[in-house]
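> Below you will find the structure I want to go over with you.
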Amino acid sequence: MVDNYGVEAAPFSWYLKVAAEADVQPTLEQLTDHMNDQQRAAFRDKLQRYVRKPDRELIVAVHGGQTLGLVCVIEQAQFPPRFPEQKASHLRNFACGTQLLVHPSFRKQGVGGSLLVRAQRWAHEQGLTGFWIVTHRQANWYKTHFGYHKIYRIDDKGVEKTLLAKSFE
Numbered sequence: 006m007v008d009n010y011g012v013e014a015a016p017f018s019w020y021l022k023v024a025a026e027a028d029v030q031p032t033l034e035q036l037t038d039h040m041n042d043q044q045r046a047a048f049r050d051k052l053q054r055y056v057r058k059p060d061r062e063l064i065v066a067v068h069g070g071q072t073l074g075l076v077c078v079i080e081q082a083q084f085p086p087r088f089p090e091q092k093a094s095h096l097r098n099f100a101c102g103t104q105l106l107v108h109p110s111f112r113k114q115g116v117g118g119s120l121l122v123r124a125q126r127w128a129h130e131q132g133l134t135g136f137w138i139v140t141h142r143q144a145n146w147y148k149t150h151f152g153y154h155k156i157y158r159i160d161d162k163g164v165e166k167t168l169l170a171k172s173f174e
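Going from the sequence shown to the numbering used here is simple: count from 1 and add 5.
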């Protein structure tokens, strides 16, 4: 069976929910095996900001009590350093998706796609006109499956990243 994103559908189901403060620690425990202690502490701080502030949300995918993945979305995020003003003005009323992360055991099963679609819906519900993201690996996935367009290439401390955007209009 193939899902709406053109990938093999998962043999299980999950649900999406807006995370609360109590969800942060279990999420950290289940999704941060690849991080060192310093990275994990910084990530915990970021997730806690997302559940506490009204202009952003942390959305998690859950199956049987396990967090499979997450995405953070914010109404107005800062643009990357040296981002051209002309391009920034085009994206001013766009939400920003950050930290789309799916546990390696659950990738390529539609979890990430469902998180992204839910984050976009949140942005649309806030009255925003589009959505932008920065990625260093998955630019083609966003373009092919979700209609994103490359806006700008960024060099962030020697790591090449791509800013992509999608208008809802």
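Cβ coordinates follow ideal geometry from the N, Cα and C atoms, glycine included.
It should be emphasised that the depicted structure is a prediction, and the values quoted were computed from it without experimental measurement.
Between the segment 26-35 and the segment 116-132, are three or more C-beta pairs nearer than 8 Å?
no
> Would you check if there are 3 or more beta carbon pairs closer than 8 Å linking the segment 103-123 to the segment 55-75?
Counting Cβ pairs under 8 Å, three or more are found: they touch.
> Below 8 Å between beta carbons: does that hold for Leu63 and Val116?
Locating residue 63 in the sequence shown gives position 58, counting from the first residue. Locating residue 116 in the sequence shown gives position 111, counting from the first residue. No. Outside cutoff.
> Rounded to the nearest angstrom, how far is the Cβ of Lys92 from that of Ile159, given a contact under 8 Å?
Taking the sequence shown and counting its residues from 1, one reaches residue 92 at position 87. Taking the sequence shown and counting its residues from 1, one reaches residue 159 at position 154. Wrong, their Cβ atoms sit about 11 Å apart, outside the cutoff.
> Cβ atoms of Phe88 and Phe136: under 8 Å apart, would you say?
Reading the sequence shown from its first residue, position 131 is the one you call residue 136. Reading the sequence shown from its first residue, position 83 is the one you call residue 88. In this structure, Phe88 does not lie closer than 8 Å to Phe136 by Cβ.
> Go ahead and pull the three-state DSSP assignment for Gly74.
The residue you call residue 74 lines up with position 69 of the sequence shown. Residue state, collapsed to three classes: strand.
> Can you give the Cα-Cα distance for Gln179 and Asp28, rounded to whole angstroms?
Examination of residue 179 is not possible in this model, given that the chain is present from 6 through 174 alone.
> Only counting the same chain, and skipping five residues up and downstream in sequence, which positions put a Cβ closer than 7 Å to that of Pro3?
Look at the range of the chain in this structure, 6 to 174, and you will see that residue 3 is not part of it.
> In terms of alpha-carbon separation, which member of Trp19, Leu96 and Val139 lies closest to His68?
Walking along the sequence shown from the start, residue 68 turns up at place 63. Taking only the C-alpha atoms, the option nearest His68 is Trp19.
> Please go through the segment 21-88 and give each complete alpha helix (DSSP H) segment of 4 or more residues, from N-terminal end onward.
26-36 and 42-57
> Determine, using beta carbons only, whether Leu120 and Tyr147 come nearer to each other than 8 Å.
For this step, residue 120 is matched to residue 115 along the sequence shown. For this step, residue 147 is matched to residue 142 along the sequence shown. No; because the gap between Cβ atoms is not below 8 Å, this pair is not in contact.
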